[in-house]
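Just below is one structure, and these are the notes that go with it.
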Amino acid sequence: MRIALTQSQGRLEGLEQALRERGHEVLRSPLIKTETLLSDNVRQRAYELLACPWLLFTSPAGVEAWQDLELPLQGVTAKIGTVGAKTAKTLKNFGARVSLVAKTANAAGLAQSFLENPQAKGPVGLLRGDRALPTLQDELEKNSIETRPLVIYRTVMLDWPVEDIDIILLSSPSAVEALPPEVGMNSKLVTLGPSTAAAAAEYGWRSVQAEAPDAPAVLRAIERLVKT
């Protein structure tokens with residue numbers, strides 16, 4: 209089988225090797241890239257969020273954009289929460305002390321874990337990309353937590369150069385949007401998370417959603433498709 213992995217480099221560690229060990233041909237073809245919004249206005253607004261009791265990061269891209277803006281993570285007074293292990297690792301690599309990691313690695317899971325935390329209070333700085341869904345903000349505000357969202361990076365769609373692919377891994381709604389419709393309709397798809405699966409369904413594409421956003425769960429989903 210020819211399998212295309214479209215997630216960012218470093219995510220789902222071990223998946224590519226496991227697929228190759230099973231005899232599959234693996235191609236890496238990112239569908240999106242991120243670009244930090246490097247402006248004095250964004251930098252100043254981001255710096256002001258350090259006065260919030262909490263900062264919540266929903267992706268490694270958000271952490272990297274924060275670093276590109278030359279803003280501190282080490283020694284800040286704000287508590288830091290994150291959506292999953294990969295983002296937490298990225299934060300720690302930059303010297304941050306992570307106070308909260310979501311039990312379920314998506315925006316809804318982060319909202320739930322935050323609301324269950326006895327130290328949860330607002331205002332909460334939400335660092336996000338330009339295509340982020342409002343799930344986290346909506347859930348917090350619905351529970352009377354003030355939020356201060358700030359877009360610090362944008363998502364850029366990339367061309368799809370690959371042909372004759374059997375299975376494609378899609379890791380975000382933006383990746384779904386970037387995939388050519390004829391490719392999505394005629395390929396077997398594995399999706400990460402309910403929002404990505406829903407985005408694929410809106411196009412009329414059938415997909416298998418991985419049980420969790422980690423390499424073993426994605427591998428199991430791919431193996432199910434290989435057998436069909």
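Sequence positions in the sequence shown follow our numbering and run 209 to 436.
Beta carbons are placed, not taken as given, at the ideal position from N, Cα and C, and that holds for glycine.
1) Buried or exposed: where does Asp248 fall if 16 or more other Cβ atoms within 10 Å of its Cβ makes it buried?
2) Which value, in whole angstroms, describes the spacing of the CA atoms of Leu239 and Glu390?
3) Could you pull the start and end residues of the beta strand (DSSP E) that Ala407 belongs to?
4) State whether the region 335 to 346 contacts the region 296 to 308, with contact taken as three or more CB pairs (one from each stretch) at a distance under 8 Å.
5) Given a cut-off of 8 Å, decide if Ala296 and Val284 are closer than it, judged by their beta-carbon atoms.
6) Using the beta-carbon count (16 or more within 10 Å), is Asn314 buried or exposed?
7) What does the alpha-carbon distance come out to for the pair Thr363 and Glu385?
8) Could you name the residues of the same chain whose beta carbon sits closer than 7 Å to that of Glu347, not counting the 5 residues immediately before and after it, in chain order?
9) Opposite Leu397 in the DSSP bridges: which residues?
10) Check whether the region 249 to 259 and the region 225 to 240 are in contact - that is, three or more C-beta pairs closer than 8 Å.
11) Does the distance from the CB of Ile375 to the CB of Val398 come in under 8 Å?
12) What number of angstroms, rounded off, separates the C-alpha of Gln252 from the C-alpha of Ser321?
13) Mind checking who Val306 pairs with in its DSSP beta bridge?
14) Which residues share a DSSP beta bridge with Thr295?
15) Below 8 Å between beta carbons: does that hold for Thr404 and Pro424?
16) Taking Val384 as part of the alpha helix (DSSP H), name the residues at either end of that continuous run.
17) Over what stretch of residues does the beta strand (DSSP E) that includes Gly337 continue unbroken?
18) Return the residue from the list Tyr361, Met209, Leu220 and Tyr411 that minimises the CA-CA distance to Asp276.
19) So does Pro381 have its beta carbon nearer than 7 Å to some heavy atom of the ligand MG?
20) Under 8 Å Cβ to Cβ from Glu278, same chain only, skipping five residues before and after it: list those, please.
21) By alpha-carbon positions, which one of Leu427, Thr436 and Ala286 ends up nearest to Gln225?
22) First and last residue of the alpha helix (DSSP H) that includes Glu431?
A quick look at the data gives this:
1) Position 40 of the sequence shown, counted from the first residue, corresponds to residue 248. Flag for Asp248 reads exposed.
2) What you label residue 239 is simply residue 31 of the sequence shown in a count that begins at 1. What you label residue 390 is simply residue 182 of the sequence shown in a count that begins at 1. Their Cα atoms are separated by approximately 15 Å.
3) The residue labelled residue 407 in the question sits at position 199 within the sequence shown. Taken as a continuous stretch (DSSP letters only), Ala407 belongs to no beta strand (DSSP E), being part of the alpha helix (DSSP H) at Pro402 to Glu410.
4) no
5) On the sequence shown, position 76 is the one that residue 284 refers to. On the sequence shown, position 88 is the one that residue 296 refers to. No.
6) Counting from one through the sequence shown, the residue named residue 314 turns up at place 106. Buried.
7) Position 155 of the sequence shown, counted from the first residue, corresponds to residue 363. Position 177 of the sequence shown, counted from the first residue, corresponds to residue 385. C-alpha separation (whole angstroms): 11 Å.
8) Numbered from 1 along the sequence shown, position 139 holds the residue referred to as residue 347. Hits under 7 Å: Ala316 and Ala319.
9) Looking up residue 397 in the sequence shown gives position 189. Leu397 pairs with Ile376 and Ser415.
10) no
11) As a first step, residue 375 is located in the sequence shown; it is residue number 167 there, counting from the start. As a first step, residue 398 is located in the sequence shown; it is residue number 190 there, counting from the start. Cβ atoms of Ile375 and Val398: closer than 8 Å.
12) Looking up residue 252 in the sequence shown gives position 44. Looking up residue 321 in the sequence shown gives position 113. Looking at the two C-alpha atoms, the distance is approximately 29 Å.
13) Position 98 of the sequence shown, counting from 1, holds the residue named residue 306. According to DSSP, which records beta bridges pairwise, Val306 is partnered with Ile288.
14) Counting from one through the sequence shown, the residue named residue 295 turns up at place 87. According to DSSP, which records beta bridges pairwise, Thr295 is partnered with nothing at all.
15) For this step, residue 404 is matched to residue 196 along the sequence shown. For this step, residue 424 is matched to residue 216 along the sequence shown. Contact flag unset, no.
16) By one-based count along the sequence shown, residue 384 stands at place 176. Val384 -> alpha helix (DSSP H) spans Pro381 to Ala386.
17) For the purposes of this step, residue 337 is taken as the residue at position 129 of the sequence shown. Run containing Gly337: Val332 to Gly337, per the beta strand (DSSP E) assignment.
18) Start at 1 with the first residue of the sequence shown, and residue 276 comes out as number 68. Comparing Cα-Cα distances from Asp276 to each of Tyr361, Met209, Leu220 and Tyr411, the minimum goes to Tyr361.
19) Of ligands this structure carries none, so the ligand MG is not represented either.
20) Numbered from 1 along the sequence shown, position 70 holds the residue referred to as residue 278. The answer, listed in chain order, is Arg251.
21) Taking the first residue of the sequence shown as position 1, residue 225 is located at position 17. The shortest C-alpha separation from Gln225 is found at Leu427.
22) Numbered from its first residue, the sequence shown carries residue 431 at position 223. Note, Glu431: alpha helix (DSSP H), Ala423 to Val434.
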